[in-house]
Amino acid sequence: MQLKQFNILIKLLFPMIIGLFLISIISIGSDFFNLERSIKAEAKSYFHNTSITIDYILEKNIDLMKTLTFQITKNKTIMKEFENNNKDALFKSLSVLFEHYHINHNITHFYLHKKDQYKYLSIHDTNKYKHLTTKVTLNEAINSSKTVSGIEFDMRHHLTLRVVSPVIKDGKVLFYIELGKRIEKIIKEYTKDSNAYIIFTINKKHITQKDFIKWLDKNDKERSFDALENYYILDSSIPKIDKALEKDLNNHLNFNSQFVENEGKKYIIHSQSFLDTNKKELGKFFILKDITDQYKTLYSSILETSLIIFIILLITIWYYFKHIKKTESELNQAYKYVQQLSAKDGLTKLYNKQYYIDNVLKLIQNFSRFNSYVSFILIDVDNFKKYNDNYGHLKGDDVLIQVSKIIKDIFKRDTEYCFRVGGEEFLIVSASKDEENGKKMADTLCKKIQDKNLEHKFNEDFNVITVSIGLVTKNISHDIKIDELYDDADKALYQSKQNGRNKVTVFK
């Protein structure tokens with residue numbers, strides 16, 4: 001079994017980089033999610049407070065108009081002028097009051113109505129009186145003889161918060177006072193003290209397109225305000241609504257802290273309906289909170305976090321690269337050493353039989369590129385059992401070491417591989433362009449070992465260590481059979497032993 005080299009640099013470092021990268025992405029994503037959630041939570045709280053504030057402003061304006069109405073009823077001059085039907089004097093007195101109310105309280109509408117719903121006086125606009133009115137707020141006040149307030153849309157009088165109060169004397173209603181304030185002015189009271197933007201709309205069910213265009217022209221509004229599918233935009237503190245925001249407003253009838261964009265800026269949007277006295281929707285106002293700066297801070301924070309994580313990632317990768325590279329090198333050195341141990345005989349340091357079995361065919365195939373012949377040279381130490389029996393195994397091991405050194409000294413070309421294939425048996429696989437090269441090298445080896453003069457008194461006729469050699473040389477071809485080569489070399493070795501030992505026999 002052949003070991004594989006350790007490629008832990010790729011196997012460990014790459015997954016670690018992927019893991020750290022994923023952790024970084026998750027960390028950055030988590031930061032983004034948490035910061036965005038914080039922005040959204042803050043916006044929800046802001047919108048909740050905004051709704052409460054707007055409701056409070058509406059109630060405050062209703063209370064204001066009730067108070068102003070009460071003050072009018074306590075003005076004896078005004079009451080006397082009405083009872084005397086002195087319309088000119090009454091108009092003059094009320095005009096002074098209206099101017100004061102308009103300047104100091106932004107009151108935009110001031111009417112006196114008779115019990116039959118005819119306008120008796122229109123203080124804020126002299127062209128609008130003495131005609132029948134059908135306003136819901138007025139009707140409810142007449143029917144109940146109580147003060148009634150509500151939002152109404154009147155083409156001539158705009159979308160207005162109205163308060164209608166009966167003036168009663170001796171248990172009888174004399175007339176009705178109506179004060180009103182345009183919703184736009186009320187909303188602006190809020191927006192001027194906040195950083196919110198308001199888009200104020202009216203439901204298209206309450207006004208025709210023709211009348212709306214007239215209203216735009218009369219109030220010097222741009223035609224671009226007519227942007228939505230179900231609503232007309234009466235007013236907007238955002239100068240321009242781009243296509244993306246227009247699409248969002250059309251696709252969502254209700255917003256509850258959603259993120260939108262307009263003209264390159266980021267907003268969180270919330271919508272709130274406003275109802276008439278019958279609790280029917282007249283329109284919506286959309287409150288937008290500019291969070292562009294918060295997102296810049298968010299992106300800046302994420303960029304800083306990403307940079308820190310990237311630096312840490314680089315340092316970590318560099319450290320582990322060095323560490324793993326060193327570990328990989330040490331492991332591969334150990335691998336090579338273990339591979340050598342597994343491939344070589346421990347005593348002689350020649351390749352072992354298993355290495356021969358695993359690699360001989362591949363070696364011969366490599367030889368075939370530059371050589372024509374391969375020789376199998378099989379070597380056996382003569383009478384080695386007798387040597388061991390008489391000199392001892394330690395001395396026998398020393399003989400094997402000495403013989404293997406001589407083999408390595410002679411067969412040291414790249415095309416020559418030396419193996420210990422048995423106790424005292426060695427094999428050399430040698431390739432050459434010369435068919436006779438194997439025989440020459442075998443003869444040289446046989447003589448060199450004898451000339452070493454290693455004492456062996458029990459090796460008859462020689463008294464020194466000698467070897468018998470069997471040799472076979474074949475032309476290298478793709479169908480060469482390794483087992484046959486080995487068997488033929490073994491047969492030749494047998495002939496050498498039979499013919500007196502210490503000789504080389506070539507298989508014929």
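Quick note, the sequence shown lines up with residues 1 to 508 if you use UniProt numbering. Glycine included, C-beta positions come from ideal geometry on N, C-alpha and C.
Inter-segment contact for the segment 438–446 and the segment 375–386 is present: three or more beta-carbon pairs are separated by less than 8 Å.
The Cβ atoms of residue 493 and residue 468 sit closer than 9 Å to each other. Shown here, residue 404 sits in a helix according to DSSP, grouped into three states. Counted as a single uninterrupted DSSP element, the alpha helix (DSSP H) harbouring residue 363 occupies residues 353–367. Ranked by Cα distance from residue 181, the first of 153, 333, 389 and 282 is 153. Distance check between residue 271 and each of 280, 255 and 370 places 255 closest, using alpha-carbon atoms only. Within 10 angstroms of the beta-carbon of residue 486 lie 16 or more other beta-carbons, which makes it buried. Taking the Cα positions, residue 169 is about 24 Å away from residue 136. Taking the CA atoms as reference points, residue 436 sits about 28 Å from residue 383.
Annotation for residue 428: the continuous beta strand (DSSP E) segment containing it runs 425–432.
Linking residue 66 to residue 165 through their CA atoms gives a straight-line distance of about 8 Å. For residue 47, the CB contacts under 7 Å within the same chain, skipping 5 residues up- and downstream, are 257, 270 and 287 in chain order. The beta carbon of residue 238 sits closer than 6 Å to those of 197, all from its chain and outside the five residues before and after it, given in chain order.
A straight line joining the alpha-carbon of residue 372 with that of residue 324 spans about 46 Å. Between residue 185 and residue 42, the alpha-carbon positions lie close to 27 Å from each other. Contact between residue 234 and residue 249 is absent: CB atoms are separated by about 14 Å, not below the 8 Å threshold. Within the same chain, 305 and 309 come within 8 Å of residue 27 by CB-CB distance, once the 5 residues on both sides are set aside.
Minimum Cα-Cα distance from residue 115 among the listed residues 143, 89 and 105 corresponds to 143.
Within the same chain, and ignoring the five residues on either side of residue 355 in sequence, the residues whose Cβ sits closer than 6 Å to its Cβ are 343. Take residue 284, set aside five residues on each side of it, and the residues of its chain with a beta-carbon closer than 6 Å to its own are 201, 271 and 273, in chain order. Contact check for residue 80 against residue 121 fails: the beta carbons are separated by 9 Å or more. DSSP places residue 479 in the coil class of the three-state scheme, outside both helix and strand. The shortest C-alpha to C-alpha distance from residue 457 to any of 428, 401 and 386 is the one to 386. Within the segment 131–184, the complete beta strand (DSSP E) segments at least 3 residues long are 148–154, 158–169 and 172–182, listed from N- to C-terminus.
Under the DSSP assignment, residue 305 falls in the alpha helix (DSSP H) whose first and last residues are 292–343.
The three-state secondary structure of residue 421, taken from DSSP, is coil.
One alpha carbon belongs to residue 326, the other to residue 22, and they sit about 26 Å apart. Taken atom to atom, the span from the alpha-carbon of residue 244 to that of residue 20 is near 38 Å. In the structure shown, residue 271 falls within a strand segment according to DSSP collapsed to helix, strand and coil. Looking at the DSSP output, residue 63 shares a beta bridge with no other residue. The DSSP-derived three-state label of residue 386 is helix. Close CB contacts of residue 242 within its chain, under the 7 Å cut and outside five residues either way in sequence, are with 262 and 263 (chain order). One Cα belongs to residue 33, the other to residue 212, and the distance between them is close to 43 Å.
Residue environment for residue 328: buried (at least 16 other C-beta atoms within 10 angstroms of its C-beta).
As a beta-bridge residue in DSSP terms, residue 109 pairs with 180. For residue 176, the number of other beta carbons within 10 angstroms of its own is at least 16, and it is reported as buried.
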